[in-house]
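One structure is given below, encoded as structure tokens.
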Amino acid sequence: MHCLRSRPDYRVERGREAAGGAGRTDHTSNLSAQPSVSSTSIVSARLQLTMLVSTCLRWLGPKRRASTITPTVFDDEGVTSKQALERTITPSNGSEGDALSADPREDTRNTEDMLKQYANTSWAGLRLLLGVLKESSDGLTPLKAAAGGLVALIDIYDRTKSNVADVEAMAERLDRLMQILAKRLKEDETTASALMAKPYVKTLLERLDIVHDMRKHGRFRRMAESTKDQEALRDISNTLAHELQQLQLEIGLSTEKETHVILQELVLHNLGRAKSAAYTAAISGIPRRSCTPGTRDAVLSEILTWALDASASAPPVYWISGLAGQGKTTIAHTICERLENEAQNVSVVSFFCSRQFDSAQEALLVSTIAFELAQCSASYASELLKALQADHNLGDQKLHVQMSKLSVAPWTRSADRREGLYPTVIVVDALDENEAGKAFVELILAASRERWLPGLRILITSRPEPDIVHLCKPIHGRAVCHLNKVPRRLMHGDILRYLEDELPEHRGQRYLVDVANASNGLFIYASTIVRSVKSTYRRRTKTEQESALQQLASRDSASKFLGDGRTTVLDGLYDTILDDAFRDLHPSERAVREHVLLTFICANEPIPLYLLGFLSDRGTELARVVVEALHAVLYLDENSDLRWYHATFQDYIEKIYAPLVHAVRVRIYRWCQTVLAELVRLDDENIG
Numbered sequence: 006m007h008c009l010r011s012r013p014d015y016r017v018e019r020g021r022e023a024a025g026g027a028g029r030t031d032h033t034s035n036l037s038a039q040p041s042v043s044s045t046s047i048v049s050a051r052l053q054l055t056m057l058v059s060t061c062l063r064w065l066g067p068k069r070r071a072s073t074i075t076p077t078v079f080d081d082e083g084v085t086s087k088q089a090l091e092r093t094i095t096p097s098n099g100s101e102g103d104a105l106s107a108d109p110r111e112d113t114r115n116t117e118d119m120l121k122q123y124a125n126t127s128w129a130g131l132r133l134l135l136g137v138l139k140e141s142s143d144g145l146t147p148l149k150a151a152a153g154g155l156v157a158l159i160d161i162y163d164r165t166k167s168n169v170a171d172v173e174a175m176a177e178r179l180d181r182l183m184q185i186l187a188k189r190l191k192e193d194e195t196t197a198s199a200l201m202a203k204p205y206v207k208t209l210l211e212r213l214d215i216v217h218d219m220r221k222h223g224r225f226r227r228m229a230e231s232t233k234d235q236e237a238l239r240d241i242s243n244t245l246a247h248e249l250q251q252l253q254l255e256i257g258l259s260t261e262k263e264t265h266v267i268l269q270e271l272v273l274h275n276l277g278r279a280k281s282a283a284y285t286a287a288i289s290g291i292p293r294r295s296c297t298p299g300t301r302d303a304v305l306s307e308i309l310t311w312a313l314d315a316s317a318s319a320p321p322v323y324w325i326s327g328l329a330g331q332g333k334t335t336i337a338h339t340i341c342e343r344l345e346n347e348a349q350n351v352s353v354v355s356f357f358c359s360r361q362f363d364s365a366q367e368a369l370l371v372s373t374i375a376f377e378l379a380q381c382s383a384s385y386a387s388e389l390l391k392a393l394q395a396d397h398n399l400g401d402q403k404l405h406v407q408m409s410k411l412s413v414a415p416w417t418r419s420a421d422r423r424e425g426l427y428p429t430v431i432v433v434d435a436l437d438e439n440e441a442g443k444a445f446v447e448l449i450l451a452a453s454r455e456r457w458l459p460g461l462r463i464l465i466t467s468r469p470e471p472d473i474v475h476l477c478k479p480i481h482g483r484a485v486c487h488l489n490k491v492p493r494r495l496m497h498g499d500i501l502r503y504l505e506d507e508l509p510e511h512r513g514q515r516y517l518v519d520v521a522n523a524s525n526g527l528f529i530y531a532s533t534i535v536r537s538v539k540s541t542y543r544r545r546t547k548t549e550q551e552s553a554l555q556q557l558a559s560r561d562s563a564s565k566f567l568g569d570g571r572t573t574v575l576d577g578l579y580d581t582i583l584d585d586a587f588r589d590l591h592p593s594e595r596a597v598r599e600h601v602l603l604t605f606i607c608a609n610e611p612i613p614l615y616l617l618g619f620l621s622d623r624g625t626e627l628a629r630v631v632v633e634a635l636h637a638v639l640y641l642d643e644n645s646d647l648r649w650y651h652a653t654f655q656d657y658i659e660k661i662y663a664p665l666v667h668a669v670r671v672r673i674y675r676w677c678q679t680v681l682a683e684l685v686r687l688d689d690e691n692i693g
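In the working numbering, the protein residues as written are 6 to 693.
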């Protein structure tokens, strides 16, 4: 095996090219030189480049601050977003508009067609509302006639594809309000019909007609990511959201539902939430799975017993500590799943952190947990509602403020209303991958010591990082599980059972036992080997799989010292994967591929292949070749963005190329700034 760390001089020589980009061409000229990249791709790239610049600024520190460049996006006719917006608002006398019927009855007849068109849309609220309107009586005719305006607004959001947080939040809010309104209409259509003459309903219908006209006149192409256009879209959306809220609220108040239940839906959904945090979240390429049946039984039984213990003497916090790859996330997932399926009276809130997704953000940690907790505890939700009504900006405050006012105080004030109920379980996985992991642990433990969290059971998992280890020392011994202290024979048996489950055609073979031994207690080692031999990119026969398993099991990785901070058992496996991926290549070819890999790792953001091709200056085709060769550790998600399977691979690459990482990141930063500046210059020339 040709281990990279055994040839430091060779690696540094190749790394200098990676850091300096020797032989690269002018980046801005490549924007028009590569026909495989569409204009739409470049528009998307601008947004991702801006995100990369922000990330680079965090790496490089406060001394590298630069002025922010706001990209301008053109529509299909070369018109800026501001011009396009002005044209959409201005009435048109063209034949295109005249050809379309202005009769609102036509819109009513088209409700069924719109329902068919949007049957598979991701906008669940729109889909539900159109369905309800289709089945409603004539009393809702005005709202039926205005449904085209809702469709037009959704069309704008779908075309915008904005990555701006508040615009995305507004889109979600509108869809949520449409979903709530649909439920209200279905529950009490009579009341809704009587409200059609209300002033706010008239305002709503007028606004929807304006949006519908914008779409009918065909002026709209694509909203730009500029501040002015976002404000225009935000203003009209805020008005519509306000009137939708008024309508659904008044319908709801006229029913027998309690007021605070209705208000919870309206206020709480404005809290920031991490979309990837729930244990059931659809995270393409990273399958969050439960333990293989028959594995981890002792650990799972101990944790479940603790979670279901309603006595006051039960420790409120349970800590699972384990090295990278020892299966902490899988255990946490299993706990969530089993509680959901087997303990019907126990509510479960989950937050799974990952440095690759939004669940790594400090700002979303407490607010997401608070929102999910409110969904399963009406008593807590009513107190949380009061806190948000008193200060609607709580979700934007610092972590300790959110913890105090969004979590601890509302929970404590409502505790007496939950007396005698089963505990509510909160599972927070991989806290070391969240920006505020250490601070969160400190605050949670402080609150539990003061007995401010009665009725809560909080399960946290993390690597044994020194700060977290120090904080968790006071946790009662029966509420701590150190996975690296689990007897090796038990770990070996569980890993072998997992391998036999994933590779049933090799069950009972000696080499599978050898792979379990080589894994040295790390499930990530075994799962990486499984991905390697079962690759969709490189199909292997059973005999070829057997040969690969034997080779991987016989490598010297099993003898490496585990967890000394410098060399781990995974390093040997990753060495093998890299060497196998780049085997038989000329040194210069291997250097180029490693340059592409290092560029992706240093970007520290999920990016599409074409952008990696630009950043590395090696093109999309070579970037794809590298990804396919490293299929055991890298993958493309459902959006075709490149990601790694496990954080240990990023750690490994940054470790073996440590002297070069800073230089590569500086180069990425400068590249992004140069390209963004050139794109803005070209925009200005086109406008002129």
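Backbone N, C-alpha and C fix where the C-beta goes; we use that ideal spot for every residue, glycine too.
- Taking C-alpha positions only, N439 is separated from R343 by approximately 25 Å.
- The closest CA to that of Q184, considering only R239, Q250 and T244, is found on Q250.
- Within the model, the alpha-carbon separation for V322 versus A420 is close to 17 Å.
- In summary, R670 is buried, with 16 or more beta-carbon neighbours lying within 10 Å of its beta-carbon over all protein chains present.
- Contact check for I534 and L557: beta-carbon distance about 5 Å, within the 8 Å limit, so the pair qualifies.
- L476 has its alpha-carbon roughly 30 Å from the corresponding atom of Q380.
- Annotated as distal: T604 and Y615, with beta-carbon spacing of 9 Å or more.
- With distances taken between CA atoms, E507 lies nearest to A531 out of A531, I161, R468 and L488.
- R278 sits in coil when the DSSP states are folded into three classes, being neither helix nor strand.
- Between F362 and A441, the gap from beta carbon to beta carbon reaches 9 Å or more.
- Secondary structure at P469: coil, using DSSP grouped into helix, strand and coil.
- Restricting attention to S593, T679, R648 and D585, the CA atom closest to the CA of L620 is found in T679.
- Counting other Cβ atoms within 10 Å of its Cβ, K333 reaches 16 or more and is therefore classed as buried.
- Spanning the alpha carbons of A315 and E455 requires a straight line of approximately 18 Å.
- Contact annotation, T335 with R360: C-beta distance approximately 18 Å; criterion of less than 8 Å not satisfied.
- Straight-line measurement puts the Cα of P492 at about 42 Å from the Cα of V406.
- Linking I374 to L186 through their CA atoms gives a straight-line distance of about 26 Å.
- When L369, R512, H247 and I463 are compared, the shortest CA-CA separation from W311 is found for I463.
- For V680, DSSP assigns no beta-bridge partner whatsoever.
- Counting only runs that start and end inside the segment 338–391, the beta strand (DSSP E) elements of at least 3 residues fall at 353–357.
- No Cβ-Cβ contact shorter than 9 Å links V446 with Y284.
- Judged by DSSP in its simplified three-state form, C607 adopts helix.
- Here A157 is near H217, since their CB atoms are less than 9 Å apart.
- Within the same chain, and ignoring the five residues on either side of T653 in sequence, the residues whose Cβ sits closer than 7 Å to its Cβ are A329, G330, I529 and L575.
- Leaving aside the five residues that flank R502 on each side, the residues in its chain whose CB is nearer than 8 Å to its CB run, in chain order, T297, G299 and T300.
- A check of alpha carbon separations from L448 across L404, R515 and R544 identifies L404 as the nearest.
- The criterion of a C-beta distance shorter than 9 Å is not satisfied by Y674 and I606.
- Classified as buried, N525 has 16 or more neighbouring CB atoms from the shown chains inside 10 Å of its CB.
- It is roughly 20 Å from the alpha-carbon of Y516 to the alpha-carbon of R544.
- For L639, the uninterrupted beta strand (DSSP E) segment begins and ends at L639 to L641.
- In the DSSP assignment, R648 falls within the unbroken beta strand (DSSP E) covering D646 to W649.
- In the DSSP annotation of this structure, the continuous segment of the beta strand (DSSP E) that includes H487 starts and ends at V485 to H487.
- L145 places its beta carbon 9 Å or farther from that of A202.
- With fewer than 16 other Cβ atoms inside 10 Å of its own Cβ, K478 counts as exposed.
- DSSP, reduced to helix, strand and coil, places D585 within a helical segment of the structure shown.
- In this structure, L213 sits near L245, with a CB-CB distance shorter than 9 Å.
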